[in-house]
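Comments concern the structure below.
Residue numbers (the working numbering): 40 to 212.
Take a look at the structure:
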């Protein structure tokens, strides 16, 4: 499977040779069977530019139906409370570590306290522009964090997190 989940780019990747329409449809059908598009990615970052870049990157992968970016951890917790009442939940949550007010680690603590029963429904990825190795180590030791990555997001990171979700859900069934 290619590095991203984008159906169009996968369908178009025919090895540079000409194929009949039947073969193209057959390849498209195979990709569709392997593809599991997720419902929602939640991006939490105080930086508008990073939110725009990350939103574009997640959308370009085609891994999720929709993307919601929020500029503070506090607002994200309010949004998650609303999602809980509406019985909907994001599949992927990307959280910046360094934010004013409530930082990413404080968000994780609040998430654990308020939403730990929903953890099986999502994958949490901590994001940082910091080169501090303690952040990566702390993320690795956290029972709530599934992945750590540098900002801004890349298609490879989105695909890796998507794959963790798909594999995790497959293990539950």
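We treat Cβ as the ideally placed atom computed from N, Cα and C, and that holds for glycine. None of these values were measured; they are calculated from a predicted model.
Item                                                                                                                         : Value
Neighbourhood of residue 134 by C-beta distance below 6 Å, restricted to the same chain and skipping five residues each side : 83, 143, 146 and 165
Bridge partner(s) assigned by DSSP for residue 157                                                                           : Looking at the DSSP assignment, residue 157 forms no beta bridge with any residue, so it has no partner.
At least 3 beta-carbon pairs within less than 8 Å: the segment 169-180 vs the segment 100-118                                : no
Residue interval of the beta strand (DSSP E) (run including residue 78)                                                      : 77-83
Sufficient close CB pairs (3 or more, under 8 Å) joining the segment 108-119 to the segment 90-98                            : yes
Segment contact flag, the segment 183-203 with the segment 155-164, C-beta cutoff 8 Å, min 3 pairs                           : yes
Burial state of residue 121 (16 or more Cβ within 10 Å)                                                                      : exposed
Where the beta strand (DSSP E) containing residue 185 begins and where it ends                                               : Careful: residue 185 lies outside any beta strand (DSSP E) and carries neither H nor E.
Exposure label - residue 95; buried when at least 16 CB within 10 Å                                                          : exposed
Rounded distance between the beta-carbons of residue 150 and residue 123, thought under 8 Å                                  : Not quite, the Cβ-Cβ distance comes to about 11 Å (not below 8 Å), so this is no contact.
Local conformation of residue 166 per DSSP, three classes                                                                    : strand
C-alpha gap between residue 192 and residue 114, whole angstroms                                                             : 21 Å
Simplified DSSP assignment, three categories, for residue 24                                                                 : In the structure displayed, the chain extends from 40 to 212; residue 24 sits before or after that span and is not available.
Spatially closest choice to residue 216 from 195, 209, 205 and 203, by CA coordinates                                        : This structure cannot settle anything about residue 216, because the visible part of the chain is limited to 40 through 212.
Whole-angstrom distance between residue 129 and residue 148, CA atom to CA atom                                              : 18 Å
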